[in-house]
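**Q**
Number of protein chains: 2
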Amino acid sequence: MTALLPEGFHDRLPPFADAAAAVEARVLEAARLHGYERADPPLIEFAQALASRLKAGGLHDAVRFVDPVSQRTLALRPDLTAQVARIAATRMGHHPRPVRLSYAGTVVKLRASQLAPAREWRQIGAELIGLDSVAAATEIVRVAVEALSAAGATGISIDFTLPDLVDTLAAGPLPVAAEQVGPLRERLDAKDAGGVAAIAPDYLPLVEAAGPFASAIERLRRLDVHGVLASRLDGLEAIAAALGDGVAMTLDPTERHGFEYQSWLGFSLFVAGPPREVGRGGTYTLIHEDGREEKATGFSLYADAIVATAPKAERRRLFLPVGTPHADGAALRGQGWVTVQALEADDTPQAQLCTHVWTGGVPQRL
Amino acid sequence: MTALLPEGFHDRLPPFADAAAAVEARVLEAARLHGYERADPPLIEFAQALASRLKAGGLHDAVRFVDPVSQRTLALRPDLTAQVARIAATRMGHHPRPVRLSYAGTVVKLRASQLAPAREWRQIGAELIGLDSVAAATEIVRVAVEALSAAGATGISIDFTLPDLVDTLAAGPLPVAAEQVGPLRERLDAKDAGGVAAIAPDYLPLVEAAGPFASAIERLRRLDVHGVLASRLDGLEAIAAALGDGVAMTLDPTERHGFEYQSWLGFSLFVAGPPREVGRGGTYTLIHEDGREEKATGFSLYADAIVATAPKAERRRLFLPVGTPHADGAALRGQGWVTVQALEADDTPQAQLCTHVWTGGVPQRL
Numbered sequence: 001m002t003a004l005l006p007e008g009f010h011d012r013l014p015p016f017a018d019a020a021a022a023v024e025a026r027v028l029e030a031a032r033l034h035g036y037e038r039a040d041p042p043l044i045e046f047a048q049a050l051a052s053r054l055k056a057g058g059l060h061d062a063v064r065f066v067d068p069v070s071q072r073t074l075a076l077r078p079d080l081t082a083q084v085a086r087i088a089a090t091r092m093g094h095h096p097r098p099v100r101l102s103y104a105g106t107v108v109k110l111r112a113s114q115l116a117p118a119r120e121w122r123q124i125g126a127e128l129i130g131l132d133s134v135a136a137a138t139e140i141v142r143v144a145v146e147a148l149s150a151a152g153a154t155g156i157s158i159d160f161t162l163p164d165l166v167d168t169l170a171a172g173p174l175p176v177a178a179e180q181v182g183p184l185r186e187r188l189d190a191k192d193a194g195g196v197a198a199i200a201p202d203y204l205p206l207v208e209a210a211g212p213f214a215s216a217i218e219r220l221r222r223l224d225v226h227g228v229l230a231s232r233l234d235g236l237e238a239i240a241a242a243l244g245d246g247v248a249m250t251l252d253p254t255e256r257h258g259f260e261y262q263s264w265l266g267f268s269l270f271v272a273g274p275p276r277e278v279g280r281g282g283t284y285t286l287i288h289e290d291g292r293e294e295k296a297t298g299f300s301l302y303a304d305a306i307v308a309t310a311p312k313a314e315r316r317r318l319f320l321p322v323g324t325p326h327a328d329g330a331a332l333r334g335q336g337w338v339t340v341q342a343l344e345a346d347d348t349p350q351a352q353l354c355t356h357v358w359t360g361g362v363p364q365r366l
Numbered sequence: 367m368t369a370l371l372p373e374g375f376h377d378r379l380p381p382f383a384d385a386a387a388a389v390e391a392r393v394l395e396a397a398r399l400h401g402y403e404r405a406d407p408p409l410i411e412f413a414q415a416l417a418s419r420l421k422a423g424g425l426h427d428a429v430r431f432v433d434p435v436s437q438r439t440l441a442l443r444p445d446l447t448a449q450v451a452r453i454a455a456t457r458m459g460h461h462p463r464p465v466r467l468s469y470a471g472t473v474v475k476l477r478a479s480q481l482a483p484a485r486e487w488r489q490i491g492a493e494l495i496g497l498d499s500v501a502a503a504t505e506i507v508r509v510a511v512e513a514l515s516a517a518g519a520t521g522i523s524i525d526f527t528l529p530d531l532v533d534t535l536a537a538g539p540l541p542v543a544a545e546q547v548g549p550l551r552e553r554l555d556a557k558d559a560g561g562v563a564a565i566a567p568d569y570l571p572l573v574e575a576a577g578p579f580a581s582a583i584e585r586l587r588r589l590d591v592h593g594v595l596a597s598r599l600d601g602l603e604a605i606a607a608a609l610g611d612g613v614a615m616t617l618d619p620t621e622r623h624g625f626e627y628q629s630w631l632g633f634s635l636f637v638a639g640p641p642r643e644v645g646r647g648g649t650y651t652l653i654h655e656d657g658r659e660e661k662a663t664g665f666s667l668y669a670d671a672i673v674a675t676a677p678k679a680e681r682r683r684l685f686l687p688v689g690t691p692h693a694d695g696a697a698l699r700g701q702g703w704v705t706v707q708a709l710e711a712d713d714t715p716q717a718q719l720c721t722h723v724w725t726g727g728v729p730q731r732l
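Those protein sequences? They're chains F and A, same order as listed. Numbered by our numbering, the letters in the first sequence go through residues 1 to 366 in order. Numbered by our numbering, the letters in the second sequence go through residues 367 to 732 in order.
(1) Could you tell me the alpha carbon to alpha carbon distance between F/SER414 and F/ILE87, rounded to whole angstroms?
(2) Contact criterion: CB-CB distance below 8 Å. Does A/ILE672 meet it with respect to chain F?
(3) For F/ALA303, which residues of its own chain have a beta-carbon under 7 Å away from its beta-carbon, when the five flanking residues on both sides are left out?
(4) What's the gap between the Cα of A/PRO549 and the Cα of A/LEU631?
(5) Spell out the partners DSSP gives A/HIS376 in its beta bridges.
(6) Do F/GLY274 and A/LEU709 have their CB atoms nearer than 8 Å?
(7) So what does DSSP say about A/THR534, is it helix, strand or coil?
(8) Measuring alpha carbon to alpha carbon, tell me which of A/SER634, A/ALA470, A/SER666 and A/GLY577 ends up nearest A/THR616.
(9) Starting from A/PHE382, follow its DSSP beta bridges and name the residues at the other end.
(10) Closer than 6 Å by C-beta to F/GLY235: which residues in its own chain qualify, once you throw out the five before and the five after it? Chain order, please.
(11) For F/THR154, which residues of its own chain have a beta-carbon under 7 Å away from its beta-carbon, when the five flanking residues on both sides are left out?
(12) I'd like to check one pair, F/LEU54 with F/ALA85: are the Cβ atoms closer than 8 Å?
(13) For F/GLY282, count the other beta carbons within 10 Å of its own beta carbon; 16 or more makes it buried, fewer makes it exposed. Which is it?
(14) Under 8 Å, with one C-beta from each stretch per pair, do the region 127 to 147 of chain F and the region 25 to 32 of chain F reach the 3-pair mark?
(15) Would you say F/ALA327 faces chain A, with C-beta separation under 8 Å as the test?
(16) Write down the C-beta distance between A/ALA563 and A/LEU570 rounded to the nearest angstrom, noting that I regard them as a contact closer than 8 Å.
(17) Touch check for the region 676 to 692 of chain A and the region 480 to 487 of chain A: three-plus C-beta pairs under 8 Å?
(18) Using beta-carbon positions only, say whether A/ALA428 and A/LEU442 come within less than 8 Å of one another.
(19) In whole angstroms, what separates the C-alpha of A/GLN546 from that of A/ILE565?
(20) Look at the alpha carbon of F/VAL357 and the alpha carbon of F/PRO363, and state the distance between them as a whole number of angstroms.
(21) Could you give the first and the last residue of the continuous beta strand (DSSP E) run that contains A/VAL474?
(22) Whose C-beta lies closer than 8 Å to the C-beta of F/HIS10 among residues of the same chain, with five residues either side of it excluded?
(23) Using the beta-carbon of each residue, which ones in chain A are nearer than 9 Å to F/ALA39?
(24) Quick one: list the residues of chain A neighbouring F/GLU139, beta-carbon separation under 9 Å, in chain order.
(25) How should A/LYS475 be labelled, buried or exposed, when 16 other C-beta atoms within 10 angstroms of its C-beta is the threshold for buried?
(26) Is the CB-CB distance between F/GLY329 and F/THR339 below 8 Å?
(27) According to a CB-to-CB cut-off of less than 8 Å, which residues of the region 641 to 669 of chain A neighbour chain F?
(28) Along chain A, which residues have their Cβ under 8 Å away from the Cβ of F/THR73?
(29) Please report whether the beta-carbon of A/MET615 lies at a distance below 8 Å from any beta-carbon of chain F.
(30) Could you name the residues of chain A that F/GLY152 contacts, counting a contact when the two beta carbons are closer than 8 Å?
(31) Considering only their Cβ atoms, is the gap separating F/PRO175 from F/VAL228 smaller than 8 Å?
(32) What span of residues does the beta strand (DSSP E) with F/LEU367 cover, start to end?
(33) Answer yes or no: does any C-beta atom of chain F fall closer than 8 Å to that of A/GLN718?
(34) Please decide whether A/HIS592 counts as near chain F, where near means a Cβ-Cβ distance under 8 Å.
(35) Can you give the Cα-Cα distance for A/LEU416 and A/GLU505, rounded to whole angstroms?
(36) Would you decide whether F/LEU162 is buried or exposed? Buried here means 16 or more other CB atoms lie within 10 Å of its CB.
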């Protein structure tokens, strides 16, 4: 019984755990080379603080408990972005903008969903605080793509979305009653033409707007006779042009799922292999202590999803028989060997998953 | 208000967080070179499972909550060793012994103590499952010392202890009533000569037994007229001889604090700088599903304590003015530069904490 883990929680074992750690290190290194420095917020915060930092953000399905010290409700973070936003807004509030921060940490949810059966996973990402411009989004998307590539992923593709598209149209050229905006977004997200027609027939073209990047942009340009989307579409095209041909791109302008707090731009990242996205990002608004709002752009990746696709590294392990002088082992490690020192006479290279054995001179392959 | 963190929880900011991550990577790399592979258990388990894996281990001051899925009590790990022991005993139970595993993860306590005011910290370590021999302990102590050294620590010293010393003497040549063994250990731990004399005067020499390694061993040899400690003292001397003169060693044979589940050997690690220990380890016994017991040896380090002492790396950041071609930045990153691309015309190298600026050709130091 004590061998079982609660549903949604998993051990990572060798060599998967090593591979996951390597993926994480490569992702963070890609961000570091672009000037992103690590922030490492605690796993636990006041629940209220976690909930109130991002505009339109909430605290869904977090594990909570009462702190015996403060008598207040604490929560385990279900997401790291809000914490990094808090750091940027408070302890690094005096730092000139933009601030570039990276992070890697465990996040936890009280309940799993059908689409995401894990209740604990590693979130790795980078946030560019202070800007949500096309230049900022271009940098963030580029860093995300380089990070995936550095992690060994292939077949990288990006699905862009425009999270505030319906709000923008509804407030402008295609008015919708305020109480109908939510239901309309929901029907569009579900690609439910009948539902959309019943609420606001003007929006019907958006049901079919998703697809390969160039043609989707073209359809949106035709819809946007009043030009309220022009800056967004220009921005998307500039980002796509900067990325070049190496990355497949699609646009699903009304996709909202998972982009609850993003503003003008959102994107999902895919790689060859896993059926689900391996990361996402976009622009958002964070809220300072004094109520002031600040723009930001960022992305998050999910290490486990990427590791599954990364090329397997060969395990090279060198067996050192009992009695091998310590200095010899040290010299071999200095040459980059992973050594496994036999501590008992009956230990064997096979038992220790060794590929090589050393008996003096040059390591011999088994 | 939302800027505050609960007592005992802390943000790690740049450049400290980067330094902590680097220390962690170096420690794990030192273990990897000795054949230790990563295990990464989840942050949360069934409380009962966490409590029952180590002999004489418990689950003190863990954060607990009721799982809405299983309706059972879950706990956040206050320690990683018991989890790694569980993995070795269950999912890796079929693997030939010894099994070498390393780990790095966040651990959480519900309450802080006066000596350890943090409620969340990173525990990094390595466990050698299947052996608690002198050879095993020598390897573990060596890996710990190499890991600290790789992390940049200097002035490394080790304080050894013999956690089951009193039990061994009390069960043999210096009998003590069963109900008095606990109080006696406590008085010895407190170095309270009067208290020890009141319970068992034979143990008085142990009050003064702590000190530099060679003289402490010598005092214990004199006390051990019946030879029940001989194998332990021989083992300690063999470990000390293997470590050589580079590491300062002391022996505090009755120190028990923090060694609640260790068996014949325990040790605390110190480095120049922090007043408190930066790690500890020793031999212990883990319990399999069928009740079978297995010996093991391991160590854990606390990254934050080490980072404070590590030499500061210089921050080298290269400012790329607005309009720098992406390919130029990529080439500079390829040469190892950390680049910070200006995204707006009024951004400056100073604002971005850059040490160098690039305007074509060779990066110029500011």
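Positions of the beta carbon are idealized from the N, C-alpha and C atoms, including for glycine.
**A** On the basis of the data shown:
(1) No answer is possible for residue 414 of chain F: the residues shown for chain F start at 1 and end at 366.
(2) Taking the first residue of the second sequence as position 1, residue 672 of chain A is located at position 306. Taking Cβ atoms only, chain F never reaches closer than 8 Å to A/ILE672, which makes this a no.
(3) Counting from one through the first sequence, the residue named residue 303 of chain F turns up at place 303. Counting only Cβ-Cβ distances below 7 Å, and skipping sequence neighbours, we find ALA20, VAL23, GLU24, ARG122 and ILE124.
(4) The sequence position of residue 549 of chain A within the second sequence is 183, counting from 1. The sequence position of residue 631 of chain A within the second sequence is 265, counting from 1. Each residue's alpha carbon lies about 21 Å from the other.
(5) The sequence position of residue 376 of chain A within the second sequence is 10, counting from 1. In DSSP, A/HIS376 forms no bridge with anything.
(6) Residue 274 of chain F sits at position 274 when you count from the first residue of the first sequence. Residue 709 of chain A sits at position 343 when you count from the first residue of the second sequence. The sequence given here has Pro at residue 274 of chain F, not Gly. Not closer than 8 Å, so no.
(7) Along the second sequence, one-based indexing puts residue 534 of chain A at 168. DSSP places A/THR534 in helix when its eight states are reduced to three.
(8) In the second sequence, the residue the question calls residue 616 of chain A occupies position 250. Restricting attention to A/SER634, A/ALA470, A/SER666 and A/GLY577, the CA atom closest to the CA of A/THR616 is found in A/GLY577.
(9) Within the second sequence, numbered from 1, the residue matching residue 382 of chain A stands at position 16. Answer is none; A/PHE382 lacks a bridge partner.
(10) Within the first sequence, residue 235 of chain F is the residue found at index 235, counting from 1. Cβ within range, chain order: VAL134.
(11) The residue labelled residue 154 of chain F in the question sits at position 154 within the first sequence. The beta carbon of F/THR154 sits closer than 7 Å to the beta carbons of VAL271 and ALA272 from its chain, once the five residues preceding and following it are set aside; these are given in chain order.
(12) If you number the first sequence from 1, residue 85 of chain F lands on position 85. If you number the first sequence from 1, residue 54 of chain F lands on position 54. Result yes, Cβ atoms of F/ALA85 and F/LEU54 sit closer than 8 Å.
(13) Stepping through the first sequence from its first residue, residue 282 of chain F is reached at position 282. Under this definition F/GLY282 is a buried residue.
(14) Between the region 127 to 147 of chain F and the region 25 to 32 of chain F there are three or more C-beta pairs closer than 8 Å, enough to call the two in contact.
(15) The residue given as residue 327 of chain F occupies position 327 in the first sequence. Interface with chain A (8 Å Cβ-Cβ cutoff): F/ALA327 is excluded.
(16) What you label residue 563 of chain A is simply residue 197 of the second sequence in a count that begins at 1. What you label residue 570 of chain A is simply residue 204 of the second sequence in a count that begins at 1. With 8 Å as the limit, A/ALA563 and A/LEU570 qualify as a contact, their Cβ atoms being about 6 Å apart.
(17) The region 480 to 487 of chain A and the region 676 to 692 of chain A do not touch, with fewer than three beta-carbon pairs separated by less than 8 Å.
(18) Counted from its first residue, the second sequence places residue 428 of chain A at position 62. Counted from its first residue, the second sequence places residue 442 of chain A at position 76. Against a cut-off of 8 Å, the Cβ pair of A/LEU442 and A/ALA428 comes out as a contact.
(19) Position 180 of the second sequence, counted from the first residue, corresponds to residue 546 of chain A. Position 199 of the second sequence, counted from the first residue, corresponds to residue 565 of chain A. Each residue's alpha carbon lies about 7 Å from the other.
(20) As a working mapping, residue 357 of chain F is identified with position 357 in the first sequence. As a working mapping, residue 363 of chain F is identified with position 363 in the first sequence. Straight-line Cα distance between these residues: approximately 6 Å.
(21) The residue you call residue 474 of chain A lines up with position 108 of the second sequence. Counting along the chain, A/VAL474 sits inside the beta strand (DSSP E) bounded by residues 465 to 474.
(22) Counted from its first residue, the first sequence places residue 10 of chain F at position 10. Closer than 8 Å at the Cβ level, and outside the excluded window around F/HIS10, lie ALA118 and GLU120.
(23) As a working mapping, residue 39 of chain F is identified with position 39 in the first sequence. Chain A residues near F/ALA39: ASP377, ARG378, LEU379, PRO380 and ALA383.
(24) Residue 139 of chain F sits at position 139 when you count from the first residue of the first sequence. Result: GLN707 and LEU709.
(25) The residue you call residue 475 of chain A lines up with position 109 of the second sequence. Classification of A/LYS475: buried, given that the 10 Å Cβ count is 16 or more.
(26) Position 329 of the first sequence holds residue 329 of chain F. Position 339 of the first sequence holds residue 339 of chain F. Against a cut-off of 8 Å, the Cβ pair of F/THR339 and F/GLY329 comes out as a contact.
(27) Identification of residues in the region 641 to 669 of chain A having a C-beta nearer than 8 Å to some C-beta of chain F yields GLU655, given in sequence order.
(28) If you number the first sequence from 1, residue 73 of chain F lands on position 73. Listed by position along chain A, the residues whose Cβ is nearer than 8 Å to that of F/THR73 form an empty set, because the closest Cβ is around 10 Å away.
(29) Counted from its first residue, the second sequence places residue 615 of chain A at position 249. With 8 Å as the cut-off, A/MET615 does not count as an interface residue toward chain F.
(30) Against the first sequence, residue 152 of chain F aligns to sequence position 152. The contacting residues do not exist; F/GLY152 stays about 17 Å from chain A at best.
(31) Residue numbering aside, residue 228 of chain F sits at position 228 when the first sequence is read from its first letter. Residue numbering aside, residue 175 of chain F sits at position 175 when the first sequence is read from its first letter. No; because the gap between Cβ atoms is not below 8 Å, this pair is not in contact.
(32) Nothing can be reported for residue 367 of chain F: it is not among the residues displayed for chain F, which extend from 1 to 366.
(33) In the second sequence, the residue the question calls residue 718 of chain A occupies position 352. A/GLN718 counts as touching chain F.
(34) Within the second sequence, residue 592 of chain A is the residue found at index 226, counting from 1. For A/HIS592, the nearest beta carbon of chain F is not closer than 8 Å to its own beta carbon.
(35) Residue 416 of chain A sits at position 50 when you count from the first residue of the second sequence. Residue 505 of chain A sits at position 139 when you count from the first residue of the second sequence. So the two alpha carbons sit approximately 27 Å from each other.
(36) Numbered from its first residue, the first sequence carries residue 162 of chain F at position 162. By the neighbour-count criterion, in which 16 or more other beta carbons inside 10 Å mark a residue as buried, F/LEU162 falls on the buried side.
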